[in-house]
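Residues in the sequence shown are numbered consecutively from 21, following this note's numbering. Ideal Cβ positions, reconstructed from N, Cα and C, are used throughout, including at glycine.
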Amino acid sequence: MAARIKSKYRGVYYREIPRVGGHGTERIYYIIFKKDGRTIEEKVGSQFRDNMTPAKASGIRAERIENRRKSRKEIKQEAYAKKQAEHNKWTIDKLWNEYKNTHPGLKGIVQDENRFKNYIIPQFGNKTPKEIISLDLKRIELNLTKTKSTGTAKNVLELIRRIINFGIKNHLCEPPGFTVSIPRPNNLKTEDLTPTQLKKLLDAIAQDHDVQVRNLMRMALYTGMRRGELFRLKWADIDFNRGFINLRDPKGGIDQKIPLNDAAREILKKHPRTGSSYVFPGRKGDQRVDINHQVNRIKKRANLPKDFRALHGLRHVYASMLASSGQVDMYTLQKLLTHKSPQMTQRYAHLRDDSLKNASNLAGKLIKSAI
21 MAARIKSKYR GVYYREIPRV GGHGTERIYY IIFKKDGRTI EEKVGSQFRD NMTPAKASGI
81 RAERIENRRK SRKEIKQEAY AKKQAEHNKW TIDKLWNEYK NTHPGLKGIV QDENRFKNYI
141 IPQFGNKTPK EIISLDLKRI ELNLTKTKST GTAKNVLELI RRIINFGIKN HLCEPPGFTV
201 SIPRPNNLKT EDLTPTQLKK LLDAIAQDHD VQVRNLMRMA LYTGMRRGEL FRLKWADIDF
261 NRGFINLRDP KGGIDQKIPL NDAAREILKK HPRTGSSYVF PGRKGDQRVD INHQVNRIKK
321 RANLPKDFRA LHGLRHVYAS MLASSGQVDM YTLQKLLTHK SPQMTQRYAH LRDDSLKNAS
381 NLAGKLIKSA I
(Lines of atoms letter the chains of each structure in order from A and count residues from 1; the text may use other names and numbers.)
(Lines give C-alpha, C1' and ligand atoms only; values in the text may rest on other atoms or scores of the structure.)
Protein backbone atom coordinates (compact mmCIF):
# COMPACT_ATOMS: atom_id res chain seq x y z
CA MET A 1 0.00 0.00 0.00
CA ALA A 2 1.21 3.55 -0.79
CA ALA A 3 2.71 5.57 2.04
CA ARG A 4 0.49 7.85 4.10
CA ILE A 5 1.25 11.55 3.61
CA LYS A 6 0.08 14.22 6.03
CA SER A 7 -1.63 17.36 4.79
CA LYS A 8 -1.48 20.76 6.48
CA TYR A 9 -4.95 20.10 7.95
CA ARG A 10 -5.20 18.26 11.22
CA GLY A 11 -6.37 14.66 10.89
CA VAL A 12 -6.25 14.76 7.08
CA TYR A 13 -3.81 12.72 5.04
CA TYR A 14 -3.63 11.14 1.61
CA ARG A 15 -2.04 8.36 -0.38
CA GLU A 16 -0.90 8.65 -3.97
CA ILE A 17 -1.91 5.85 -6.37
CA PRO A 18 -1.85 5.45 -10.16
CA ARG A 19 -4.68 7.47 -11.66
CA VAL A 20 -7.56 5.36 -12.99
CA GLY A 21 -8.34 6.21 -16.61
CA GLY A 22 -5.57 8.81 -16.88
CA HIS A 23 -1.86 9.50 -16.67
CA GLY A 24 0.18 10.09 -13.51
CA THR A 25 -1.05 9.65 -9.96
CA GLU A 26 -4.11 10.61 -7.95
CA ARG A 27 -4.46 11.47 -4.26
CA ILE A 28 -6.89 9.47 -2.15
CA TYR A 29 -7.84 11.46 0.98
CA TYR A 30 -8.51 10.05 4.44
CA ILE A 31 -9.51 11.51 7.76
CA ILE A 32 -8.71 10.29 11.26
CA PHE A 33 -10.41 11.31 14.49
CA LYS A 34 -11.44 10.03 17.88
CA LYS A 35 -15.02 9.31 18.85
CA ASP A 36 -16.42 7.63 21.95
CA GLY A 37 -12.89 6.73 23.05
CA ARG A 38 -11.86 5.01 19.85
CA THR A 39 -9.87 6.07 16.80
CA ILE A 40 -11.77 6.14 13.52
CA GLU A 41 -10.11 6.26 10.12
CA GLU A 42 -12.21 6.79 6.99
CA LYS A 43 -11.72 7.32 3.28
CA VAL A 44 -13.47 10.51 2.14
CA GLY A 45 -12.75 10.75 -1.58
CA SER A 46 -10.45 10.89 -4.58
CA GLN A 47 -8.65 13.93 -5.95
CA PHE A 48 -10.10 13.71 -9.48
CA ARG A 49 -13.07 11.36 -9.34
CA ASP A 50 -14.61 13.10 -6.31
CA ASN A 51 -12.95 16.51 -6.76
CA MET A 52 -11.66 16.13 -3.19
CA THR A 53 -9.21 18.59 -1.60
CA PRO A 54 -7.54 18.71 1.83
CA ALA A 55 -9.86 21.60 2.83
CA LYS A 56 -13.00 19.62 1.87
CA ALA A 57 -11.67 16.58 3.71
CA SER A 58 -11.09 18.73 6.81
CA GLY A 59 -14.68 20.01 6.63
CA ILE A 60 -16.00 16.45 6.38
CA ARG A 61 -13.88 15.48 9.41
CA ALA A 62 -15.45 18.27 11.45
CA GLU A 63 -18.95 17.20 10.45
CA ARG A 64 -18.21 13.57 11.36
CA ILE A 65 -16.92 14.57 14.78
CA GLU A 66 -20.06 16.65 15.41
CA ASN A 67 -22.37 13.86 14.11
CA ARG A 68 -23.60 16.08 11.28
CA ARG A 69 -22.48 13.69 8.57
CA LYS A 70 -22.61 9.95 7.96
CA SER A 71 -19.65 7.91 6.78
CA ARG A 72 -19.26 6.84 3.16
CA LYS A 73 -19.91 3.28 4.25
CA GLU A 74 -23.14 4.25 6.02
CA ILE A 75 -24.28 6.30 3.01
CA LYS A 76 -23.63 3.34 0.70
CA GLN A 77 -25.45 0.97 3.04
CA GLU A 78 -28.47 3.29 3.20
CA ALA A 79 -28.51 3.67 -0.59
CA TYR A 80 -28.38 -0.10 -0.99
CA ALA A 81 -31.15 -0.61 1.55
CA LYS A 82 -33.30 1.98 -0.22
CA LYS A 83 -32.68 0.30 -3.56
CA GLN A 84 -33.63 -3.07 -2.10
CA ALA A 85 -36.75 -1.59 -0.54
CA GLU A 86 -37.75 -0.12 -3.91
CA HIS A 87 -37.13 -3.47 -5.57
CA ASN A 88 -39.21 -5.33 -2.99
CA LYS A 89 -41.99 -2.72 -2.95
CA TRP A 90 -45.33 -4.08 -4.16
CA THR A 91 -46.37 -1.37 -6.58
CA ILE A 92 -49.64 -1.43 -8.51
CA ASP A 93 -47.69 -2.53 -11.59
CA LYS A 94 -46.02 -5.39 -9.72
CA LEU A 95 -49.30 -6.44 -8.08
CA TRP A 96 -51.03 -6.53 -11.48
CA ASN A 97 -48.36 -8.81 -12.94
CA GLU A 98 -48.60 -11.12 -9.93
CA TYR A 99 -52.39 -11.09 -10.17
CA LYS A 100 -52.21 -12.21 -13.81
CA ASN A 101 -49.69 -14.94 -12.98
CA THR A 102 -51.99 -16.40 -10.32
CA HIS A 103 -55.13 -16.12 -12.48
CA PRO A 104 -54.37 -17.95 -15.75
CA GLY A 105 -57.17 -17.87 -18.29
CA LEU A 106 -58.59 -14.73 -16.72
CA LYS A 107 -61.89 -13.72 -18.31
CA GLY A 108 -61.80 -10.30 -19.95
CA ILE A 109 -58.00 -10.10 -19.72
CA VAL A 110 -57.66 -8.24 -23.04
CA GLN A 111 -59.99 -5.45 -21.92
CA ASP A 112 -58.41 -5.31 -18.45
CA GLU A 113 -54.91 -5.13 -19.94
CA ASN A 114 -55.93 -2.20 -22.15
CA ARG A 115 -57.51 -0.39 -19.20
CA PHE A 116 -54.38 -0.95 -17.12
CA LYS A 117 -51.96 0.28 -19.80
CA ASN A 118 -54.04 3.29 -20.86
CA TYR A 119 -55.42 4.60 -17.59
CA ILE A 120 -53.81 2.97 -14.53
CA ILE A 121 -50.09 2.53 -15.10
CA PRO A 122 -49.45 6.18 -16.13
CA GLN A 123 -50.94 7.38 -12.83
CA PHE A 124 -50.31 4.60 -10.32
CA GLY A 125 -47.84 2.12 -11.83
CA ASN A 126 -44.95 2.98 -9.48
CA LYS A 127 -47.12 3.61 -6.41
CA THR A 128 -48.05 1.18 -3.67
CA PRO A 129 -51.70 1.08 -2.56
CA LYS A 130 -50.66 2.86 0.63
CA GLU A 131 -49.24 5.76 -1.41
CA ILE A 132 -52.52 6.32 -3.29
CA ILE A 133 -54.96 8.85 -1.89
CA SER A 134 -58.67 9.06 -2.56
CA LEU A 135 -58.20 12.31 -4.48
CA ASP A 136 -56.03 10.43 -7.02
CA LEU A 137 -58.93 8.14 -7.88
CA LYS A 138 -61.41 11.01 -7.96
CA ARG A 139 -59.22 12.79 -10.51
CA ILE A 140 -58.95 9.75 -12.75
CA GLU A 141 -62.74 9.31 -12.57
CA LEU A 142 -63.36 12.95 -13.52
CA ASN A 143 -60.84 12.84 -16.37
CA LEU A 144 -62.34 9.66 -17.78
CA THR A 145 -65.91 10.92 -17.69
CA LYS A 146 -64.87 13.98 -19.72
CA THR A 147 -64.10 11.85 -22.77
CA LYS A 148 -65.42 8.38 -21.92
CA SER A 149 -68.60 6.92 -20.47
CA THR A 150 -69.28 6.46 -16.79
CA GLY A 151 -69.11 2.75 -17.51
CA THR A 152 -65.46 3.10 -18.58
CA ALA A 153 -64.62 4.95 -15.36
CA LYS A 154 -66.42 2.24 -13.40
CA ASN A 155 -64.44 -0.54 -15.08
CA VAL A 156 -61.10 1.21 -14.53
CA LEU A 157 -61.76 1.88 -10.84
CA GLU A 158 -63.08 -1.64 -10.36
CA LEU A 159 -59.82 -3.00 -11.79
CA ILE A 160 -57.79 -0.81 -9.41
CA ARG A 161 -59.87 -2.07 -6.48
CA ARG A 162 -59.43 -5.68 -7.62
CA ILE A 163 -55.64 -5.29 -7.80
CA ILE A 164 -55.46 -3.63 -4.37
CA ASN A 165 -57.71 -6.25 -2.76
CA PHE A 166 -55.53 -9.00 -4.25
CA GLY A 167 -52.44 -7.46 -2.65
CA ILE A 168 -54.13 -7.04 0.74
CA LYS A 169 -55.63 -10.54 0.74
CA ASN A 170 -52.20 -12.09 0.04
CA HIS A 171 -50.41 -9.87 2.60
CA LEU A 172 -48.26 -8.26 -0.07
CA CYS A 173 -49.06 -4.64 0.76
CA GLU A 174 -50.73 -2.33 3.21
CA PRO A 175 -54.24 -1.11 2.39
CA PRO A 176 -54.86 2.50 1.37
CA GLY A 177 -56.34 4.80 3.96
CA PHE A 178 -59.74 4.82 2.26
CA THR A 179 -62.27 2.57 0.53
CA VAL A 180 -62.21 2.52 -3.26
CA SER A 181 -65.72 3.54 -4.32
CA ILE A 182 -67.08 2.63 -7.73
CA PRO A 183 -69.33 5.04 -9.65
CA ARG A 184 -72.71 3.71 -10.65
CA PRO A 185 -73.27 4.28 -14.36
CA ASN A 186 -76.75 5.32 -15.34
CA ASN A 187 -76.76 3.14 -18.44
CA LEU A 188 -79.78 0.93 -17.83
CA LYS A 189 -81.01 1.54 -21.32
CA THR A 190 -84.05 -0.44 -22.32
CA GLU A 191 -84.37 -0.92 -26.06
CA ASP A 192 -87.60 -1.92 -27.70
CA LEU A 193 -89.07 -2.11 -31.16
CA THR A 194 -92.55 -1.31 -32.37
CA PRO A 195 -94.45 -4.13 -34.11
CA THR A 196 -93.68 -2.47 -37.47
CA GLN A 197 -89.96 -2.20 -36.68
CA LEU A 198 -89.85 -5.79 -35.47
CA LYS A 199 -91.46 -7.02 -38.71
CA LYS A 200 -88.94 -5.03 -40.78
CA LEU A 201 -86.10 -6.53 -38.75
CA LEU A 202 -87.38 -10.09 -39.19
CA ASP A 203 -87.73 -9.47 -42.94
CA ALA A 204 -84.21 -8.05 -43.12
CA ILE A 205 -82.85 -11.07 -41.24
CA ALA A 206 -84.62 -13.47 -43.60
CA GLN A 207 -83.20 -11.66 -46.65
CA ASP A 208 -79.56 -11.84 -45.49
CA HIS A 209 -77.28 -14.28 -47.32
CA ASP A 210 -75.36 -15.40 -44.21
CA VAL A 211 -77.20 -18.26 -42.49
CA GLN A 212 -74.92 -18.06 -39.44
CA VAL A 213 -75.84 -14.44 -38.81
CA ARG A 214 -79.52 -15.01 -39.58
CA ASN A 215 -79.86 -17.76 -37.03
CA LEU A 216 -77.64 -16.13 -34.42
CA MET A 217 -79.86 -13.02 -34.43
CA ARG A 218 -82.98 -15.15 -34.29
CA MET A 219 -81.59 -17.01 -31.27
CA ALA A 220 -80.88 -13.69 -29.55
CA LEU A 221 -84.46 -12.62 -30.19
CA TYR A 222 -86.11 -15.92 -29.21
CA THR A 223 -84.00 -16.73 -26.13
CA GLY A 224 -82.60 -13.39 -24.88
CA MET A 225 -79.08 -14.86 -24.86
CA ARG A 226 -76.16 -12.46 -24.61
CA ARG A 227 -73.66 -11.92 -27.41
CA GLY A 228 -70.85 -13.78 -25.62
CA GLU A 229 -73.15 -16.64 -24.67
CA LEU A 230 -74.09 -17.13 -28.31
CA PHE A 231 -70.44 -16.97 -29.37
CA ARG A 232 -69.50 -19.63 -26.77
CA LEU A 233 -72.52 -21.86 -27.49
CA LYS A 234 -71.52 -25.40 -28.45
CA TRP A 235 -73.65 -28.22 -29.79
CA ALA A 236 -72.85 -30.17 -26.62
CA ASP A 237 -74.54 -27.40 -24.61
CA ILE A 238 -77.93 -28.06 -26.23
CA ASP A 239 -80.05 -30.74 -24.62
CA PHE A 240 -82.73 -31.44 -27.22
CA ASN A 241 -84.21 -34.27 -25.14
CA ARG A 242 -84.75 -32.37 -21.89
CA GLY A 243 -85.28 -29.05 -23.63
CA PHE A 244 -82.52 -26.91 -22.10
CA ILE A 245 -79.57 -24.78 -23.23
CA ASN A 246 -76.55 -24.82 -20.96
CA LEU A 247 -74.90 -21.39 -20.71
CA ARG A 248 -71.21 -21.85 -20.03
CA ASP A 249 -69.24 -19.10 -18.32
CA PRO A 250 -72.05 -16.51 -18.56
CA LYS A 251 -71.78 -12.93 -17.35
CA GLY A 252 -72.70 -13.97 -13.81
CA GLY A 253 -69.77 -16.41 -13.76
CA ILE A 254 -71.73 -19.60 -12.86
CA ASP A 255 -73.00 -21.99 -15.55
CA GLN A 256 -76.77 -21.80 -15.91
CA LYS A 257 -79.58 -23.38 -17.90
CA ILE A 258 -82.37 -21.72 -19.83
CA PRO A 259 -85.31 -23.43 -21.56
CA LEU A 260 -84.95 -24.47 -25.18
CA ASN A 261 -88.25 -23.06 -26.44
CA ASP A 262 -89.98 -24.31 -29.59
CA ALA A 263 -88.84 -21.37 -31.75
CA ALA A 264 -85.18 -21.85 -30.77
CA ARG A 265 -85.45 -25.62 -31.20
CA GLU A 266 -86.75 -25.20 -34.76
CA ILE A 267 -83.85 -22.86 -35.62
CA LEU A 268 -81.20 -25.19 -34.21
CA LYS A 269 -82.68 -28.31 -35.81
CA LYS A 270 -82.33 -26.71 -39.25
CA HIS A 271 -79.04 -24.89 -38.54
CA PRO A 272 -76.11 -26.26 -40.60
CA ARG A 273 -73.38 -28.14 -38.78
CA THR A 274 -69.93 -27.24 -40.08
CA GLY A 275 -67.88 -29.81 -38.20
CA SER A 276 -67.01 -27.26 -35.53
CA SER A 277 -68.02 -27.82 -31.90
CA TYR A 278 -69.44 -24.29 -31.91
CA VAL A 279 -72.97 -23.63 -33.10
CA PHE A 280 -72.02 -20.25 -34.60
CA PRO A 281 -68.29 -20.69 -35.29
CA GLY A 282 -65.83 -18.07 -36.42
CA ARG A 283 -62.89 -18.53 -38.73
CA LYS A 284 -61.46 -22.04 -39.02
CA GLY A 285 -64.22 -23.32 -36.76
CA ASP A 286 -62.90 -21.53 -33.68
CA GLN A 287 -64.99 -19.45 -31.31
CA ARG A 288 -66.45 -16.39 -32.99
CA VAL A 289 -65.07 -13.07 -31.70
CA ASP A 290 -67.01 -10.48 -33.70
CA ILE A 291 -70.19 -10.02 -35.71
CA ASN A 292 -70.69 -6.24 -35.69
CA HIS A 293 -70.34 -5.74 -39.43
CA GLN A 294 -72.92 -8.38 -40.29
CA VAL A 295 -75.58 -7.41 -37.74
CA ASN A 296 -75.20 -3.72 -38.55
CA ARG A 297 -75.76 -4.58 -42.19
CA ILE A 298 -79.11 -6.13 -41.25
CA LYS A 299 -79.95 -3.24 -38.92
CA LYS A 300 -79.37 -0.78 -41.76
CA ARG A 301 -81.53 -2.81 -44.15
CA ALA A 302 -84.35 -2.81 -41.58
CA ASN A 303 -83.95 0.98 -41.16
CA LEU A 304 -83.84 0.70 -37.37
CA PRO A 305 -82.96 3.68 -35.11
CA LYS A 306 -79.24 4.50 -34.98
CA ASP A 307 -79.04 4.02 -31.21
CA PHE A 308 -80.55 0.53 -31.38
CA ARG A 309 -77.83 -2.04 -30.71
CA ALA A 310 -78.25 -4.56 -33.46
CA LEU A 311 -77.55 -7.64 -31.33
CA HIS A 312 -77.80 -6.75 -27.64
CA GLY A 313 -80.95 -4.79 -28.37
CA LEU A 314 -82.66 -8.05 -29.32
CA ARG A 315 -82.19 -9.26 -25.75
CA HIS A 316 -84.12 -6.19 -24.58
CA VAL A 317 -86.83 -6.82 -27.16
CA TYR A 318 -87.16 -10.40 -25.86
CA ALA A 319 -87.47 -9.18 -22.24
CA SER A 320 -89.79 -6.30 -23.10
CA MET A 321 -92.22 -8.53 -24.97
CA LEU A 322 -92.40 -10.98 -22.06
CA ALA A 323 -92.80 -8.24 -19.46
CA SER A 324 -95.51 -6.40 -21.39
CA SER A 325 -97.45 -9.61 -22.08
CA GLY A 326 -98.71 -9.65 -18.51
CA GLN A 327 -98.16 -13.41 -18.43
CA VAL A 328 -94.64 -13.48 -16.98
CA ASP A 329 -93.78 -12.32 -13.46
CA MET A 330 -90.53 -10.47 -12.68
CA TYR A 331 -88.94 -13.42 -10.87
CA THR A 332 -89.45 -15.71 -13.87
CA LEU A 333 -88.13 -13.01 -16.19
CA GLN A 334 -85.05 -12.62 -13.98
CA LYS A 335 -84.35 -16.35 -14.27
CA LEU A 336 -84.84 -16.36 -18.03
CA LEU A 337 -82.43 -13.43 -18.42
CA THR A 338 -79.99 -15.02 -15.89
CA HIS A 339 -79.75 -11.77 -13.97
CA LYS A 340 -77.83 -12.12 -10.71
CA SER A 341 -80.12 -9.69 -8.88
CA PRO A 342 -83.74 -8.59 -9.33
CA GLN A 343 -82.58 -4.96 -9.62
CA MET A 344 -81.37 -5.60 -13.17
CA THR A 345 -84.76 -6.97 -14.15
CA GLN A 346 -86.64 -4.02 -12.64
CA ARG A 347 -85.97 -1.92 -15.74
CA TYR A 348 -88.81 -3.88 -17.36
CA ALA A 349 -91.19 -3.54 -14.41
CA HIS A 350 -92.99 -0.53 -15.89
CA LEU A 351 -94.02 -2.69 -18.86
CA ARG A 352 -95.54 -5.16 -16.44
CA ASP A 353 -97.38 -2.29 -14.77
CA ASP A 354 -98.93 -1.28 -18.09
CA SER A 355 -100.32 -4.76 -18.61
CA LEU A 356 -101.76 -4.74 -15.08
CA LYS A 357 -103.44 -1.39 -15.75
CA ASN A 358 -104.95 -2.75 -18.95
CA ALA A 359 -106.21 -5.80 -17.07
CA SER A 360 -107.69 -3.56 -14.39
CA ASN A 361 -109.45 -1.41 -16.99
CA LEU A 362 -110.77 -4.56 -18.61
CA ALA A 363 -112.30 -5.60 -15.30
CA GLY A 364 -114.14 -2.28 -15.07
CA LYS A 365 -115.49 -2.65 -18.60
CA LEU A 366 -116.71 -6.17 -17.91
CA ILE A 367 -118.54 -5.08 -14.76
CA LYS A 368 -120.20 -2.17 -16.57
CA SER A 369 -121.33 -4.46 -19.37
CA ALA A 370 -123.07 -6.65 -16.81
CA ILE A 371 -125.18 -3.80 -15.48
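Residue span of the alpha helix (DSSP H) that contains residue i, given as start and end
i, result
"Arg321", "Asn312 to Arg321"
"Ser344", "His332 to Ser345"
"Ile160", "Ser154 to Thr167"
"Arg285", "Asp282 to Lys290"
"Val130", "Ile129 to Arg135"
"Lys355", "Met350 to Leu357"
"Gln363", "Pro362 to Thr365"
Buried/exposed call for residue i, threshold 16 Cβ in 10 Å
i, result
"Ser78", "buried"
"Val337", "buried"
"Leu288", "buried"
"Ile129", "exposed"
"Ile352", "Looking at the sequence shown, residue 352 is not Ile but Thr. Looking at its Cβ environment, which holds fewer than 16 other Cβ atoms inside 10 Å, Thr352 is exposed."
"Val40", "exposed"
"Ala173", "buried"
"Gln347", "exposed"
"Glu249", "buried"
"Ile95", "exposed"
"Arg84", "buried"
"Ala23", "exposed"
"Arg238", "buried"
"Thr365", "buried"
"Thr20", "No answer is possible for residue 20: the residues shown for the chain start at 21 and end at 391."
"Arg247", "buried"
"Asn395", "No information on residue 395 is available, as it lies outside the stretch 21 to 391 that the chain covers here."
"Gly65", "buried"
"Val299", "buried"
"Asn175", "buried"
"Leu164", "buried"
"Ile25", "exposed"
"Ala339", "buried"
First and last residue of the uninterrupted beta strand (DSSP E) at residue i
i, result
"Tyr119", "Note, Tyr119: premise wrong, no beta strand (DSSP E); alpha helix (DSSP H) at Ile112 to Thr122."
"Gly263", "Note, Gly263: premise wrong, no beta strand (DSSP E); not H, not E."
"Pro142", "Taken as a continuous stretch (DSSP letters only), Pro142 belongs to no beta strand (DSSP E), being part of the alpha helix (DSSP H) at Ile141 to Phe144."
"Glu62", "Arg58 to Ser66"
"Gln276", "Gln276 to Pro279"
Same chain, Cβ closer than 7 Å to residue i, five either side skipped, listed in chain order
i, result
"Ile183", "Ile112, Leu115, Trp116 and Tyr119"
"Pro196", "Pro149, Lys150, Ile152 and Ile184"
"Val32", "Tyr49, Ile51, Pro74, Ala77, Ser78 and Arg81"
"Asp257", "Ile265, Asn266 and Arg268"
"Ile188", "Pro195"
"Val200", "Leu157, Leu177, Ile180, Arg181 and Ile184"
"Ile274", "none"
"Ser27", "Tyr33, Tyr34 and Pro74"
Same chain only: Cβ atoms within 8 Å of residue i, ignoring 5 sequence neighbours per side
i, result
"Asp223", "Ala322"
"Lys54", "Ile60"
"Lys109", "Thr148"
"Arg69", "Val40 and Glu46"
"Ile318", "Leu221, Ala224, Ile225, Asp228, Val233, Met237 and Ala330"
"Pro279", "Gly263, Phe264, Ile265 and Leu356"
"Val309", "Phe251 and Gly302"
"Gly145", "Thr111, Ile112 and Asp113"
Beta-carbon proximity list for residue i, same chain, < 6 Å, skipping 5 on both sides
i, result
"Leu179", "Asp132 and Arg135"
"Ser91", "Glu62"
"Glu194", "Lys150"
"Ser297", "Lys254"
"Leu334", "Ala240 and Leu241"
"Val315", "Ala330 and Leu331"
"Asn29", "Checking the sequence, you will find Tyr at residue 29 rather than Asn. Once the five neighbours on either side are set aside, the close Cβ partners of Tyr29 are Pro74 and Ser78."
"Glu36", "Ala22, Thr45 and Arg47"
"His313", "none"
"Gly42", "none"
heavy atom of the ligand ADP below 6 Å from residue i C-beta
i, result
"Ala339", "Absent from the structure shown: the ligand ADP. Ligands present: none."
**OP:** Take every Cβ of the segment 304–311, pair it with every Cβ of the segment 209–229, and state whether three or more of those distances are shorter than 8 Å.
**Re:** No, the segment 304–311 does not touch the segment 209–229.
Subject >> Every unbroken beta strand (DSSP E) within the segment 162–250, with a cutoff of 3 residues, ordered by chain >> reply: Entirely contained in the segment 162–250, not one beta strand (DSSP E) run reaches 3 residues.
Original post:
Which whole runs of the beta strand (DSSP E) in the segment 71–109 are 3 residues long or more, in chain order?
Top reply: For the segment 71–109, not a single whole beta strand (DSSP E) run of length 3 or above is found.
Original post:
Is the segment 247–259 touching the segment 343–350 in the sense that three or more CB pairs, one from each, lie closer than 8 Å?
Top reply: By the Cβ rule, the segment 343–350 does not count as touching the segment 247–259, because fewer than three pairs are nearer than 8 Å.
Original post:
Can you list the beta strand (DSSP E) stretches of 3 or more residues lying completely in the segment 30–55, in chain order?
Top reply: Counting only runs of 3+ residues, the beta strand (DSSP E) found wholly inside the segment 30–55 occupies 32–38 and 45–55, in chain order.
Subject >> Inter-stretch contact at 8 Å, needing at least 3 Cβ pairs: the segment 281–297 / the segment 232–246 >> reply: Three or more Cβ pairs drawn from the segment 281–297 and the segment 232–246 lie within less than 8 Å of each other, which places the two stretches in contact.
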